[in-house]
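K.L.:
One structure follows; several queries about it will come next.
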Amino acid sequence: MNADDLRQAVARLLVVRASGHATDRERRYPLWELSNHELEQLLGAGVGGVILLGGTATELRQRCRRFQRWAGQPILLCADVEEGVGQRFEGASWLVPPMALGRLYQRSPRKAVQLAENYGRCCGNQAKRCGLNWVLAPVCDVNSNPKNPVINVRAWGEDPHTVGELTGAFQRGLAATGVLGCAKHFPGHGDTATDSHLELPLLPHSRERLKSLELQPFRTLILEGVSSVMTAHLLIPALDAEWPATLSAEVLTKLLRVDLGFKGLVVTDALVMEAIAARYGAGEAAVLAFAAGADLILMPADAVAAIDALCDALHSGRVPMARLHDSLDRREVALNSIPQSLDLDNNEPTIETREERALTLELVSRSLEISNPSTTNGATQPNPIDGINLIRVDGVLPCPVLPADAPAILLPKPLGFQTVLSHPLGVSPWSDAADPLGPLAIDRLGDGPVLLQLFIRGNPFQANRSVREPWTDAIQQLLDLNRLFGLVVYGSPYVWETLSALLPRSIPAAYSPGQMPDAQQALLQRLLNQNPSPALSTLGINEFTD
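In the working numbering, the protein residues as written are 28 to 573.
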């Protein structure tokens, strides 16, 4: 193989990041998302995959067509759509987080398994309509640690049996559509207290514990025929005391390939994450991962440097040339398994079918938990309450869960609640010094009863911010002052269970695993016993039927 052929062959093993938006100026994360010029150059040079984020589902379809043209050969087109294509691309179905089905499984296992399979089928069919051929899901991590800052509600449950049953069902639904799936994050990211986007987590468990808990869902997915497995940036001394799992031959080759018998594609988690990028250069990280047993290199910090380093390693014999041929063969098998119906010339206008919309709403309805609904009816209340709608959210710039017309903002308005946002770039609601009344700066919020809405879940790059916020003390403060009107938690079941236990029966409270507008709409209408007004209907948020 001459130098040019080697370079093109190596390039096929890279998956680079792109925006779903058409123009460079629309990129949401320009440090990670390559420009159109860079993408055209890399795809023309043989790069074999693209991971996308942002934009609309319609834009995504056009972007996939463009990338395929630039490549001139079949490529992998993927996205992290763990909660439906609408989680990342507007206009498609944004489904409740998988943990919602994990909770439902404890009450109604048969129904939960059925819905998990429909969930996978919905993800696959919508991905296919948008031009994607690879869904980076399901998450197979067992969220056994309630303080997990990054997995949390992305997991399908808190025990290996539940996660195995539901991820297996998801994979069956996804496979029926012909789209490739991905079991992640091997060998299990569920019991970590740190975020691998920011630092390298340590998992101190024995091999026996890993075998009985973390590895069980991956065994299930391998038996279901999942096409790919994604690595985790974790240090697990019981398996390899020196190298993180992504860079460990003990984990990727001996454990995954030999012991578990996995024959498909092994893809790294993003190599730009600080757990790897802070310790290794872009080229060296790619070489170490490939030498350890990874087939595909996802989001190297520098694609050209990664290609250069891999070519040098293969040319020098540091990595056997047979490894390259094995990975290319596995990639070819995966691409050849995708039915011809995944055609980027498909002009089907529908992204979300009526059946998929019904699934979205059924999942929302079955995952709501309501305690002590308010007897106040916003449509007939003669005197406004004149209260504060205090919303805590992780980010506003941008914040997909909280656009200006979000139900969390609009639905309390007929009752007289004025919205105050608590977010990292806003005015803090917390006292600057120890206050005998409690942690909230009450004088900063305004007068009247407080409807407290908390958007809290495991999110990358937040470094467990929510854990450091004293919401338990804040609720007790509002109760002592007789100012708590109600509590709403979107996301973490652990926060919900802790805070709702503090409330007397006179305080209405509600929980939804989902944070999307559909969940807000359904939950607040029931919590506030509120009939939505015609004005809300014109905003397009009055669609939920329980």
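Where a beta carbon is used, it is the ideal one built from N, C-alpha and C, also for glycine.
Answer yes or no: do Pro214 and Leu163 have a C-beta to C-beta separation smaller than 9 Å?
P.N.:
For the purposes of this step, residue 214 is taken as residue 187 along the sequence shown, with counting starting at 1. For the purposes of this step, residue 163 is taken as residue 136 along the sequence shown, with counting starting at 1. No, the pair does not count as a contact, with Cβ atoms beyond the cut-off.
K.L.:
Regarding Ala304 and the ligand SAM, is the C-beta to nearest heavy atom distance less than 8 Å?
P.N.:
The ligand SAM is not part of this structure, which contains no ligands at all.
K.L.:
Hey, Val43 and Ala330 are a contact pair by Cβ (cut 8 Å); roughly how many whole angstroms apart?
P.N.:
Counted from its first residue, the sequence shown places residue 43 at position 16. Counted from its first residue, the sequence shown places residue 330 at position 303. Confirmed, Cβ separation roughly 5 Å.
K.L.:
Note the first and the last residue of the continuous beta strand (DSSP E) segment covering Gln480.
P.N.:
Sequence index remark: in the sequence shown, residue 480 carries index 453 (1-based). Taken as a continuous stretch (DSSP letters only), the beta strand (DSSP E) holding Gln480 covers Val477 to Ile483.
K.L.:
Alpha carbon to alpha carbon, how far is Cys150 from Gly200? Give it in angstroms, no decimals.
P.N.:
Walking along the sequence shown from the start, residue 200 turns up at place 173. Walking along the sequence shown from the start, residue 150 turns up at place 123. Distance between the alpha carbons of Gly200 and Cys150: 9 Å.
K.L.:
Short check: CB of Val420 to CB of Ser455, under 9 Å?
P.N.:
Position 393 of the sequence shown, counting from 1, holds the residue named residue 420. Position 428 of the sequence shown, counting from 1, holds the residue named residue 455. Their beta carbons are not under 9 Å apart, which means Val420 does not touch Ser455 by this criterion.
K.L.:
In chain order, what residues of the same chain have a beta carbon less than 6 Å from the beta carbon of Gln480, not counting five sequence neighbours either side?
P.N.:
Here residue 480 refers to the residue found at position 453 of the sequence shown. Same-chain partners within the cutoff: Ile418, Ala435 and Val515.
K.L.:
Using DSSP with H/G/I as helix, E/B as strand and the rest coil, what is Glu117?
P.N.:
For the purposes of this step, residue 117 is taken as the residue at position 90 of the sequence shown. Strand.
K.L.:
So if DSSP puts Asn486 in a beta bridge, which residue, or which two residues, is it bridged to?
P.N.:
The residue you call residue 486 lines up with position 459 of the sequence shown. None; Asn486 has no bridge partner.
K.L.:
Tell me the rounded alpha-carbon separation between Asn172 and Pro411.
P.N.:
Translated into positions along the sequence shown, residue 172 becomes position 145. Translated into positions along the sequence shown, residue 411 becomes position 384. Whole-angstrom Cα-Cα distance: 43 Å.
K.L.:
Output yes or no for whether 9 Å exceeds the beta carbon distance between Asn416 and Ala536.
P.N.:
Counting from one through the sequence shown, the residue named residue 416 turns up at place 389. Counting from one through the sequence shown, the residue named residue 536 turns up at place 509. Contact flag unset, no.
K.L.:
Give me the residue from Glu251, Leu229 and His216 with the minimum Cα distance to Leu207.
P.N.:
Counting from 1 along the sequence shown, the entry for residue 207 is found at position 180. Ranking the options by Cα distance to Leu207, first place goes to Glu251.
K.L.:
Just tell me which of Glu67, Gln89, Trp121 and Phe116 has its CA closest to the CA of Asp545.
P.N.:
For the purposes of this step, residue 545 is identified with residue 518 of the sequence shown, where counting begins at 1. Looking from the CA of Asp545, the closest CA among Glu67, Gln89, Trp121 and Phe116 belongs to Trp121.
K.L.:
Between which two residues does the beta strand (DSSP E) holding Tyr517 run?
P.N.:
As a first step, residue 517 is located in the sequence shown; it is residue number 490 there, counting from the start. It spans Leu511 to Gly518 - the beta strand (DSSP E) in which Tyr517 sits, taken as one unbroken run.
K.L.:
If you follow the beta strand (DSSP E) that Asn416 is in, where does it begin and where does it stop?
P.N.:
Mapped onto the sequence shown, residue 416 falls at position 389. First-last of the beta strand (DSSP E) with Asn416: Ile415 to Arg419.
K.L.:
To the nearest angstrom, how far is it from the Cα of Ala259 to the Cα of Glu277?
P.N.:
Here residue 259 refers to the residue found at position 232 when the sequence shown is read from its first residue. Here residue 277 refers to the residue found at position 250 when the sequence shown is read from its first residue. So the alpha carbons of these two residues sit roughly 13 Å apart.
K.L.:
Taking the alpha-carbon of Leu351 as reference, which of Leu230, Thr377, Ala321 and Leu298 has the nearest alpha-carbon?
P.N.:
Position 324 of the sequence shown, counted from the first residue, corresponds to residue 351. Nearest option by C-alpha distance: Ala321.
K.L.:
Here's the rule I'm using: 16 or more other beta-carbon atoms within 10 Å means buried, otherwise exposed. How should Thr50 be labelled?
P.N.:
Against the sequence shown, residue 50 aligns to sequence position 23. Its Cβ having fewer than 16 others within 10 Å, Thr50 is exposed.
K.L.:
Tell me which residues share the same chain as Glu86 and place their Cβ nearer than 8 Å to its Cβ, disregarding the 5 neighbours each side in the sequence.
P.N.:
Along the sequence shown, one-based indexing puts residue 86 at 59. Excluding sequence neighbours, Glu86 sits near Gly47, His48, Ala49 and Phe116.
K.L.:
Taking the alpha-carbon of Leu79 as reference, which of Phe94, Glu496, Arg234 and Asp339 has the nearest alpha-carbon?
P.N.:
On the sequence shown, position 52 is the one that residue 79 refers to. Closest by alpha carbon: Phe94.
K.L.:
In chain order, what are the residue ranges of uninterrupted alpha helix (DSSP H) at least 4 long that sit wholly in the segment 185-259?
P.N.:
187-202, 234-239 and 243-250
K.L.:
Once the 5 residues before and after Gly118 are set aside, which same chain residues still bring their CB inside 7 Å of it?
P.N.:
For this step, residue 118 is matched to residue 91 along the sequence shown. Cβ neighbours of Gly118 beyond the five flanking positions: Thr83, Ala84, Thr85 and Ile378.
K.L.:
Should the segment 219-231 be regarded as contacting the segment 294-314, the criterion being three or more beta carbon pairs within less than 8 Å?
P.N.:
Result yes; three or more Cβ-Cβ pairs closer than 8 Å.
K.L.:
Can you tell me which of His342, Val123 and Arg236 puts its alpha carbon nearest to the alpha carbon of Arg384?
P.N.:
If you number the sequence shown from 1, residue 384 lands on position 357. Here the closest residue by C-alpha is Val123.
K.L.:
Note down, in chain order, each residue of its chain lying with its Cβ closer than 7 Å to the Cβ of Asn160, except the 5 sequence neighbours on either side.
P.N.:
Here residue 160 refers to the residue found at position 133 when the sequence shown is read from its first residue. Answer for Asn160: Leu103, Leu104, Val206, Leu207, Ile365 and Leu369, listed in chain order.
K.L.:
With DSSP run on the structure shown, which of helix, strand or coil describes Thr85?
P.N.:
Taking the first residue of the sequence shown as 1, we reach residue 85 at position 58. In this structure, Thr85 counts as helix in the three-state DSSP scheme.
K.L.:
Rank Asp413, Leu530 and Asp500 by C-alpha distance to the C-alpha of Asp474 and give the top, closest one.
P.N.:
Within the sequence shown, the letter at position 447 stands for residue 474. Asp474 has its Cα closest to that of Asp413, out of Asp413, Leu530 and Asp500.
K.L.:
Using the DSSP secondary-structure output, state which residues sit across from Ile397 in a beta bridge.
P.N.:
Counting from 1 along the sequence shown, the entry for residue 397 is found at position 370. Paired residues: Ala537.
K.L.:
Hey, out of Arg532, Gly191, His342 and Val190, whose CA is closest to Arg34's CA?
P.N.:
Reading the sequence shown from its first residue, position 7 is the one you call residue 34. Closest by alpha carbon: His342.
K.L.:
If you reduce the DSSP assignment to three classes, tell me which class Ile324 lands in.
P.N.:
Position 297 of the sequence shown, counted from the start, is the residue given in the question as residue 324. Ile324: strand per DSSP, three-state reduction.
K.L.:
According to DSSP, Thr446 sits in a beta bridge with which residue or residues?
P.N.:
Here residue 446 refers to the residue found at position 419 when the sequence shown is read from its first residue. Thr446 is bridged to Asn416.
K.L.:
Would you decide whether Gln100 is buried or exposed? Buried here means 16 or more other CB atoms lie within 10 Å of its CB.
P.N.:
Walking along the sequence shown from the start, residue 100 turns up at place 73. Gln100 should be labelled exposed.
K.L.:
Alpha carbon to alpha carbon, what distance is there between Ser392 and Gln445?
P.N.:
By one-based count along the sequence shown, residue 445 stands at place 418. By one-based count along the sequence shown, residue 392 stands at place 365. Just so you know, the alpha carbons of Gln445 and Ser392 end up roughly 27 Å apart.
K.L.:
So, is Lys290 buried or exposed, given that buried needs 16 or more other C-beta atoms within 10 angstroms?
P.N.:
Here residue 290 is taken as the residue at index 263 of the sequence shown, counted from 1. With fewer than 16 other Cβ atoms within 10 Å, it is exposed.
K.L.:
Out of Thr295, Asp470 and Asn486, which has the shortest C-alpha to C-alpha gap to Leu279?
P.N.:
Along the sequence shown, read from residue 1 onward, the residue named residue 279 stands at position 252. Closest option to Leu279, Cα to Cα, is Thr295.
K.L.:
Looking at C-alpha atoms only, which residue of Pro520, Lys238 and Tyr307 is the closest neighbour of Asp286?
P.N.:
Here residue 286 is taken as the residue at index 259 of the sequence shown, counted from 1. Per the Cα distances, Lys238.
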